[in-house]
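Colleague: Numbering (our numbering), first residue to last: 5 to 186.
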Amino acid sequence: FDPWLRQGTICLVYAKRGCGKSWFSLSLAVAATRGLEIANWKTINPVGCLYLDGEMACDELQSRLKKLTSGHSFPLAPLNIVSSEYMKSKNKPTIDLTNEKCRKDILKSLKENKNFGLLVIDNLSCLTPRISENSKASWDDINQWLLELRADGIAVILVHHTGKDGKQRGTSAREDNIDISI
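Structural data, given as structure tokens:
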């Protein structure tokens, strides 16, 4: 999105619960795949989006997508959603970004399919189980993976919660390689 989300950008979106982070992220995903505008942000080149959802109920996710796409053009690029709830319902492993194989599989899939230029991770708390949120060392492997995505030209939107102090929860090292923080 011109002017802030470009190829290889790593963006952190954080706010307290219930503020609309998932609505915002889904809106960006829909706009990116359909060449739409959001406010003054323009999609210059539509790109495919892989959206990793860690917390939303499938019926709510579908309802939101229907509302966001109603009356808009057909997608110009794919929007693929991997839902943790759906994976659990099929007795399949859910997304675990603390797992090296999971990260490698996602990276490999994105590299093999050049239609995808955007990865949305909604949200870090759900998709990084067992991580020590306040530990830089716990974040290091995920950070290196994000840098690989950046080097491959994949833009990433990380959705996260705030703590009681209103700042993003956990280690400040999470922001070391962030390009945009919203």
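For every residue, glycine included, the Cβ atom is placed at its ideal position computed from N, Cα and C.
Please classify A170 as buried or exposed, where buried requires at least 16 neighbouring CB atoms within 10 angstroms.
Modeller: Along the sequence shown, read from residue 1 onward, the residue named residue 170 stands at position 166. What sits at residue 170 in the sequence shown is Gly, not Ala. Burial call: exposed.
Colleague: Rounded to whole angstroms, what's the CA-CA distance from C15 to S93? Just pull it up for me.
Modeller: Residue 15 sits at position 11 when you count from the first residue of the sequence shown. Residue 93 sits at position 89 when you count from the first residue of the sequence shown. When rounded, the separation of the alpha-carbon atoms in C15 and S93 is 30 Å.
Colleague: Taking Cβ to Cβ, would you say T13 is nearer than 7 Å to D144?
Modeller: On the sequence shown, residue 13 is found 9 positions in, with the first residue counted as 1. On the sequence shown, residue 144 is found 140 positions in, with the first residue counted as 1. Pairing T13 with D144 gives a Cβ-Cβ distance that is not under 7 Å.
Colleague: Does the beta-carbon of G121 have 16 or more other beta-carbons within 10 angstroms, so that it is buried, or is it exposed?
Modeller: In the sequence shown, residue 121 corresponds to position 117, counting from 1. Classification for G121: buried.
Colleague: Quick one: what's E41 bridged to in DSSP?
Modeller: Within the sequence shown, the letter at position 37 stands for residue 41. Partner residues in the beta bridge of E41, as assigned by DSSP, are K46.
Colleague: Quick check on the DSSP output: the beta strand (DSSP E) that includes N84 runs from which residue to which?
Modeller: As a first step, residue 84 must be located in the sequence shown, where it is residue number 80. Its beta strand (DSSP E) spans residues 83 to 87.
Colleague: Which class does F120 belong to by DSSP, given the choice of helix, strand or coil?
Modeller: Here residue 120 corresponds to residue number 116 of the sequence shown, with the count starting at 1. The answer is strand: DSSP assigns F120 an E or B state.
Colleague: L30 and L72 look like a contact to me (Cβ under 8 Å); what is the Cβ gap, rounded to whole Å?
Modeller: In the sequence shown, residue 30 corresponds to position 26, counting from 1. In the sequence shown, residue 72 corresponds to position 68, counting from 1. With a Cβ gap of about 6 Å, L30 and L72 count as contacting.
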